[in-house]
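> Following this message is one structure expressed as structure tokens.
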Amino acid sequence: NAGVMQNPRHLVRRRGQEARLRCSPMKGHSHVYWYRQLPEEGLKFMVYLQKENIIDESGMPKERFSAEFPKEGPSILRIQQVVRGDSAAYFCASSQSRNTGELFFGEGSRLTVL
Amino acid sequence: AQKITQTQPGMFVQEKEAVTLDCTYDTSDPSYGLFWYKQPSSGEMIFLIYQGSYDQQNATEGRYSLNFQKARKSANLVISASQLGDSAMYFCAMRGAGTYKYIFGTGTRLKVLA
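Sequences listed follow chains B and U, in order.
Using the numbering used here, the letters of the first sequence correspond one by one to residues 14 to 127.
Using the numbering used here, the letters of the second sequence correspond one by one to residues 35 to 148.
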């Protein structure tokens, strides 16, 4: 699925640095979701955003993690002061409406914290 | 609480044979959707098939079919005529009607043998 664009595909950071992951949803989609996949596990919901609004961030750690989806530009997942446990694949997905039958995923951004 | 269980961490199948990947779920929602995604070694999440809880017929998409047994709360994926390119991780997921969160299982790693 080339519609949802994520970058970078791979990111290496040292402990204490910041990681910024970007996601451009499919054309016409205004709903963006971030999921995290730890090694050998399924995806877990982090946050749901619409343009300029965070709708649900219940799956996101309270500290160091933040997300935004500005009026113009991609959605950004920001992780401050990364730790080794943040190493994971971060997937962005988008949908045309809130209760659509299918999520369209990007190819994921793989964060490695040294 | 919603839950997806995939009890097979790994499966082998001979090329050209059929294989069934198990998925059971738990939910109190009267209406929900069930999904299967494929994750090849390259990492992207590829949507395969969808089954709505009120659908009368089992979903089929090419070589993929979903064996939906509502009373048993199971939604097994059947892949017919396996191909080497089917080797991947397979995730079962669920979304309650009126919600946007997908709940994923831990996945089954399928290896197709030549």
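Where a beta carbon is used, it is the ideal one built from N, C-alpha and C, also for glycine.
None of these values were measured; they are calculated from a predicted model.
Leaving out five residues on either side along the sequence, give the residues of the same chain with a beta carbon under 8 angstroms from the beta carbon of U/Ala122.
Closer than 8 angstroms at the Cβ level, and outside the excluded window around U/Ala122, lie Lys72, Gln73, Pro74, Ser75, Arg143, Leu144.
> Just checking my contact of U/Gln40 with U/Gly139 at CB under 8 angstroms: how many whole Å lie between their CB atoms?
That belief holds up - the Cβ atoms of U/Gln40 and U/Gly139 are roughly 4 angstroms apart, short of 8 angstroms.
> Beta carbons nearer than 9 angstroms to chain U: which residues of the segment 38 to 50 of chain B have them?
Residues passing the 9 angstroms Cβ filter: His44, Tyr46, Tyr48, Gln50.
> Chain B partners of U/Met45, CB-CB under 8 angstroms?
What U/Met45 touches in chain B: nothing, since even the nearest Cβ is about 15 angstroms away.
> Between which two residues does the beta strand (DSSP E) holding U/Phe81 run?
Taken as a continuous stretch (DSSP letters only), the beta strand (DSSP E) holding U/Phe81 covers 80 to 86.
> With a CB to CB cut of under 7 angstroms and the five nearest residues on each side skipped, what residues in its chain are close to B/Pro21?
Around B/Pro21: Ser122.
> Select from U/Ala105, U/Glu49, U/Gly44 the residue whose C-alpha is nearest the C-alpha of U/Ser114.
Measuring from the Cα of U/Ser114, the nearest candidate turns out to be U/Glu49.
> Measure from the alpha carbon of B/Ala32 to the alpha carbon of each residue in B/Glu115, B/Ser100, B/Met39, then state which is nearest.
The option with the nearest alpha carbon to B/Ala32 is B/Ser100.
> Using a Cβ-Cβ cut-off of less than 9 angstroms, give me the residues of the segment 89 to 118 of chain B that come near chain U, in sequence order.
Cβ contacts with chain U come from Ala102, Phe104, Ala106, Ser108, Arg111, Asn112, Thr113, Gly114, Glu115, Leu116, Phe117, Phe118.
> Would B/Gly55 pass as an interface residue toward chain U - the criterion being a Cβ-Cβ separation below 9 angstroms?
Cβ-Cβ to chain U under 9 angstroms: yes for B/Gly55.
> Under 9 angstroms, Cβ to Cβ, is there at least one residue of chain U near B/Ile68?
Chain U, which has a Cβ nearer than 9 angstroms to the Cβ of B/Ile68, makes this yes.
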